[in-house]
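Listed in order, the protein sequences are those of chains A and B.
Going by the numbering used here, the first residue of the first sequence is number 1, and it counts up by one from there.
Going by the numbering used here, the first residue of the second sequence is number 1001, and it counts up by one from there.
The C-beta atom is built at its ideal place from N, Cα and C for all residues, glycine as well.
Before any comments, here is the structure.
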Amino acid sequence: MVSVADVLRSISDTRSLELFRFVALANSQSDAAADVLITKIKLTRKQYYLRMSKLMKAGLIKRKNGKHSLNALGKVVYNTQLKIENAVNNYWKLKAIDSLEDSTLSPTERKKLIDNLLDNQEIKDILVSPDKSNNENKLESDQRSLIVTDKVRHSFIDGF
Amino acid sequence: MISINDIQSSISDSRTLGLLKRIGLGPCKSEVLFHKTKFSRKQYYSRITQLTKAGLIRRRKGMYFLTSFGKVVYTYWMGIERALDNYWQLKALDSLETLDHIPIEQRKELVGNFIDDPEVKDILAQNKWLYSPPSSPSSPSPVTKIENQTQTSEAAIEKQQQQKELPLKIMIVEDEEDVLLTYKSFLDSESYTVQAFTNPYDALQSFIEKNGPYYDLIIIDIRMPGINGLQLYRKLKAIDDSINVLFISALDAAEALSILDDDMDPSSLIRKPVSKEDFLKKVKTYFPNRPSQVLNNFGDLS
């Protein structure tokens, strides 16, 4: 049985991730395409087959009739990769949210800030979802709000 | 800037992933976390450092939290874990080789018979992401796409090199419009690219919207309404620790220095009023390896 760590380890180096992406994009990859790919990614044949073998062992890709393609788990992982890439593209904004949270944000203000900064609805939903972590943040935030005057809070959020 | 590989390699061992999961359950005191994970102190801190460097967790008031980025990534990874809970069902689906070649409605029904998790079901039933768009003369082939990806790192280095040759970008924040225009004109005369703000909130928002290191120098007036220059500095610094900041103050020098944080360099302060020469001289100290912007432009012409 494969674990999340196994999956992540199999695609945790740049070249393996590139191979994985290639198989996903091409859907089925023949040995002829492999020759092209080996040249493009600058891998030796041994490195190429080693990485492909790791991806297969992790259950992400399969080989049939000399062609590689994603299997069902690979499709889920690839989809997750795309989402994480999107999160990486928003890294700066997510970091900004954290740094501003350290100031004086109530949950409503935090939600407004997230709405203003981010476009991706899925990421917004994750950040405003009520979980344990959020509840404790809310508690802390509420305590802070008692200390901070309304004037400061309103002037802060007015800026956004 | 963080890369997807940095993140994945940071948690590609099961014990580090376990540590991240523990923090993902809710904020946790460092000592409690240490005892629960049963790591040696060295193992514990090395993993904590890895996760912090990958931007997934942060420490505040002795507690470890997921960062916003960490929360998003963690949620997505948990999606993989849910998929692995359905490992044998996924294997069974793989054995049905027709899955990729049947109409979407039939595929949805088939996937629905095997998988309960709505998200996993959706990914497999939709299958939209799997294929490149219908081939058109303009759409790149997968090989071209990979080629583009492998060239990314080389392009990034080239881009960095080009950026070094681009005009330096300076943000200036000063609430008095006439003073702001004066400073801007000083900087314009040296061909710097200047973005000027009278409102610190607008400056902060612009900084965030750049979505990455953009400004080579930020010049901030200390005394401003709303949030003052030091508060703005702390917010900017929390977002990007590597920023260069120059403060301007009409306060008495000793008074201004006394309100600066310990980690601030007293030489990063300009006392108002300031002459054009002194102002530009101070700005240039931040770019010792760069020729004058004006000279640089002449160089380009030649």
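Review point. Exposed or buried, what is D1278 of chain B when buried is set at 16 or more other beta-carbons lying within 10 Å of its beta-carbon?
Key: By 1-based counting over the second sequence, the position of residue 1278 of chain B is 278. Classification of D1278 of chain B: exposed, given that the 10 Å Cβ count is below 16.
Review point. If we ignore side chains and look at the alpha-carbon of each, how far apart do Y48 of chain A and S16 of chain A end up?
Key: For the purposes of this step, residue 48 of chain A is identified with residue 48 of the first sequence, where counting begins at 1. For the purposes of this step, residue 16 of chain A is identified with residue 16 of the first sequence, where counting begins at 1. Y48 of chain A and S16 of chain A: Cα-Cα distance of roughly 8 Å.
**Study point:** Endpoints, the alpha helix (DSSP H) within which S1010 of chain B is located
**Key:** Position 10 of the second sequence holds residue 1010 of chain B. S1010 of chain B -> alpha helix (DSSP H) spans 1004-1010.
Review point. DSSP state of L1066 of chain B, grouped into three classes?
Key: Counting from 1 along the second sequence, the entry for residue 1066 of chain B is found at position 66. Looking at L1066 of chain B - three-state DSSP - the assignment turns out to be strand.
Check your understanding: Taking all protein chains shown into account, do 16 or more other C-beta atoms lie within 10 angstroms of the C-beta of L82 of chain A, making it buried, or fewer, making it exposed?
Key -> Working through the first sequence from its first residue, we reach residue 82 of chain A at position 82. Under this definition L82 of chain A is an exposed residue.
Check your understanding: What are the boundary residues of the alpha helix (DSSP H) that S1095 of chain B is part of?
Key -> Sequence index remark: in the second sequence, residue 1095 of chain B carries index 95 (1-based). S1095 of chain B -> alpha helix (DSSP H) spans 1087-1095.
Review point. On the premise that F1114 of chain B lies in contact with Q1089 of chain B, defined as a C-beta separation below 8 Å, what is that separation, rounded to the nearest angstrom?
Key: Stepping through the second sequence from its first residue, residue 1089 of chain B is reached at position 89. Stepping through the second sequence from its first residue, residue 1114 of chain B is reached at position 114. So it is a contact: roughly 4 Å between Cβ atoms.
Point to revise | Cβ-based burial, K1042 of chain B [other Cβ within 10 Å; buried from 16] | key: Position 42 of the second sequence, counted from the first residue, corresponds to residue 1042 of chain B. Burial call: exposed.
Check your understanding: Would you say S1008 of chain B reaches chain A, if we count a Cβ-Cβ gap shorter than 7 Å as a contact?
Key -> Residue numbering aside, residue 1008 of chain B sits at position 8 when the second sequence is read from its first letter. The amino acid at residue 1008 of chain B is misidentified as Ser; the sequence shows Gln. At least one chain A Cβ lies under 7 Å of Q1008 of chain B.
Review point. Excluding the five sequence neighbours on either side, which residues of its own chain have a C-beta within less than 8 Å of the C-beta of W1129 of chain B, listed in chain order?
Key: If you number the second sequence from 1, residue 1129 of chain B lands on position 129. Note that W1129 of chain B has pLDDT 49, beneath the 50 cutoff, so the model's placement of it is unreliable and no number is given.
Practice item. Identify the continuous beta strand (DSSP E) that holds H68 of chain A and give its terminal residues. Key: By one-based count along the first sequence, residue 68 of chain A stands at place 68. It spans 67-70 - the beta strand (DSSP E) in which H68 of chain A sits, taken as one unbroken run.
Review point. If you draw a straight line from the C-alpha of F1298 of chain B to the C-alpha of S1191 of chain B, how long is it?
Key: Your numbering for residue 1298 of chain B matches position 298 in the second sequence. Your numbering for residue 1191 of chain B matches position 191 in the second sequence. The predicted model places F1298 of chain B with a pLDDT of 39, which falls under 50 and marks its position as unreliable, so this point remains unresolved.
Review point. Is the CB-CB distance between L19 of chain A and R51 of chain A below 7 Å?
Key: Here the question's residue 19 of chain A lines up with position 19 in the first sequence. Here the question's residue 51 of chain A lines up with position 51 in the first sequence. The answer is yes: Cβ separation under 7 Å.
Practice item. Using a threshold of 7 Å, state whether the C-beta atoms of L1187 of chain B and V1194 of chain B are closer than that. Key: Looking up residue 1187 of chain B in the second sequence gives position 187. Looking up residue 1194 of chain B in the second sequence gives position 194. Against a cut-off of 7 Å, the Cβ pair of V1194 of chain B and L1187 of chain B comes out as a contact.
Practice item. Classify P1200 of chain B as buried or exposed, calling it buried when 16 or more other Cβ atoms lie within 10 Å of its own Cβ. Key: Position 200 of the second sequence holds residue 1200 of chain B. By the 10 Å Cβ count, P1200 of chain B comes out buried.
Check your understanding: Got a sec? Which residues, its chain only, sit under 8 Å from S1010 of chain B by beta carbon, not counting five neighbours each side?
Key -> Position 10 of the second sequence, counting from 1, holds the residue named residue 1010 of chain B. Only T1016, Q1050, L1051, K1053, A1054, L1056 meet the Cβ criterion.
Practice item. Take I97 of chain A as the anchor and find which of A:D115, A:L55, A:E85 has the nearest alpha-carbon. Key: Position 97 of the first sequence holds residue 97 of chain A. That would be A:D115, whose Cα lies nearest to the Cα of I97 of chain A.
Exercise for review: Closer than 8 Å by beta-carbon distance: list the chain A residues that pair up with Y1064 of chain B, in chain order.
Suggested key: For this step, residue 1064 of chain B is matched to residue 64 along the second sequence. The premise fails here: Y1064 of chain B is roughly 11 Å from chain A at the closest Cβ pair, so nothing lies under 8 Å.
Check your understanding: For chain B, is any of its Cβ atoms less than 7 Å away from the one on I84 of chain A?
Key -> As a position in the first sequence, residue 84 of chain A is number 84, starting the count at 1. Closer than 7 Å: yes.
Check your understanding: Is the shortest distance between the beta-carbon of L118 of chain A and the beta-carbons of chain B less than 7 Å?
Key -> As a working mapping, residue 118 of chain A is identified with position 118 in the first sequence. Not one chain B Cβ lies under 7 Å of L118 of chain A.
**Study point:** Stretch-stretch touch, CB-based, cutoff 8 Å, three pairs: the stretch 1236-1246 of chain B with the stretch 1209-1223 of chain B
**Key:** yes
**Study point:** Whole-angstrom distance between S1185 of chain B and E1177 of chain B, CA atom to CA atom
**Key:** As a first step, residue 1177 of chain B is located in the second sequence; it is residue number 177 there, counting from the start. As a first step, residue 1185 of chain B is located in the second sequence; it is residue number 185 there, counting from the start. Each residue's Cα considered, the two are about 12 Å apart.
Check your understanding: Got a sec, what are the start and stop residues for the beta strand (DSSP E) L1269 of chain B sits in?
Key -> For the purposes of this step, residue 1269 of chain B is taken as the residue at position 269 of the second sequence. Run containing L1269 of chain B: 1269-1271, per the beta strand (DSSP E) assignment.
Review point. How is the alpha helix (DSSP H) around F1114 of chain B delimited, first residue to last?
Key: Translated into positions along the second sequence, residue 1114 of chain B becomes position 114. Taken as a continuous stretch (DSSP letters only), the alpha helix (DSSP H) holding F1114 of chain B covers 1104-1114.
**Study point:** Contact under 7 Å by Cβ, V1120 of chain B with V76 of chain A
**Key:** Indexing the second sequence from 1 puts residue 1120 of chain B at position 120. Indexing the first sequence from 1 puts residue 76 of chain A at position 76. In contact: V1120 of chain B and V76 of chain A (Cβ atoms closer than 7 Å).
Exercise for review: Return yes when the Cβ of I1048 of chain B is within less than 7 Å of the Cβ of V4 of chain A, no when it is not.
Suggested key: Position 4 of the first sequence, counting from 1, holds the residue named residue 4 of chain A. Position 48 of the second sequence, counting from 1, holds the residue named residue 1048 of chain B. No; because the gap between Cβ atoms is not below 7 Å, this pair is not in contact.
Check your understanding: With V1111 of chain B and A1125 of chain B assumed to form a contact (beta carbons below 8 Å), what rounded beta-carbon distance in angstroms separates them?
Key -> Stepping through the second sequence from its first residue, residue 1111 of chain B is reached at position 111. Stepping through the second sequence from its first residue, residue 1125 of chain B is reached at position 125. Between A1125 of chain B and V1111 of chain B the Cβ distance is about 5 Å, and since that is below 8 Å, they are a contact.
Check your understanding: Run through DSSP, which three-state label would S3 of chain A get?
Key -> Taking the first residue of the first sequence as position 1, residue 3 of chain A is located at position 3. It is coil, neither helix nor strand.
**Study point:** Three-state class that DSSP yields for M1078 of chain B in the structure shown
**Key:** On the second sequence, position 78 is the one that residue 1078 of chain B refers to. Note: M1078 of chain B maps to helix in three-state DSSP.
Exercise for review: May I ask which residues mark the beginning and end of the alpha helix (DSSP H) holding V1179 of chain B?
Suggested key: The residue given as residue 1179 of chain B occupies position 179 in the second sequence. Note, V1179 of chain B: alpha helix (DSSP H), 1177-1188.
Exercise for review: Please find out if some non-hydrogen atom of the ligand MG comes closer than 6 Å to the beta-carbon of E1105 of chain B.
Suggested key: As for the ligand MG, it is missing from this structure, which has no ligand bound.
Check your understanding: What whole-angstrom Cβ distance do V7 of chain A and A58 of chain A have, given they're in contact under 8 Å?
Key -> Reading the first sequence from its first residue, position 7 is the one you call residue 7 of chain A. Reading the first sequence from its first residue, position 58 is the one you call residue 58 of chain A. Indeed they touch by this definition, with Cβ atoms about 5 Å apart.
Practice item. May I have the straight-line CA-CA distance separating T80 of chain A from P1273 of chain B, to the nearest angstrom? Key: Taking the first sequence and counting its residues from 1, one reaches residue 80 of chain A at position 80. Taking the second sequence and counting its residues from 1, one reaches residue 1273 of chain B at position 273. Using only the alpha carbons, I get a separation of about 55 Å.
Review point. Quick one: which chain B residues come within Cβ less than 9 Å of R63 of chain A?
Key: Taking the first residue of the first sequence as position 1, residue 63 of chain A is located at position 63. Chain B residues near R63 of chain A: none, gap ~12 Å exceeds 9 Å.
Review point. Does D98 of chain A get closer than 7 Å to chain B when you measure Cβ to Cβ?
Key: Against the first sequence, residue 98 of chain A aligns to sequence position 98. With 7 Å as the cut-off, D98 of chain A counts as an interface residue toward chain B.
Exercise for review: Pull up the DSSP beta-bridge partners for L1217 of chain B, would you.
Suggested key: For the purposes of this step, residue 1217 of chain B is taken as residue 217 along the second sequence, with counting starting at 1. According to DSSP, which records beta bridges pairwise, L1217 of chain B is partnered with B:I1170.
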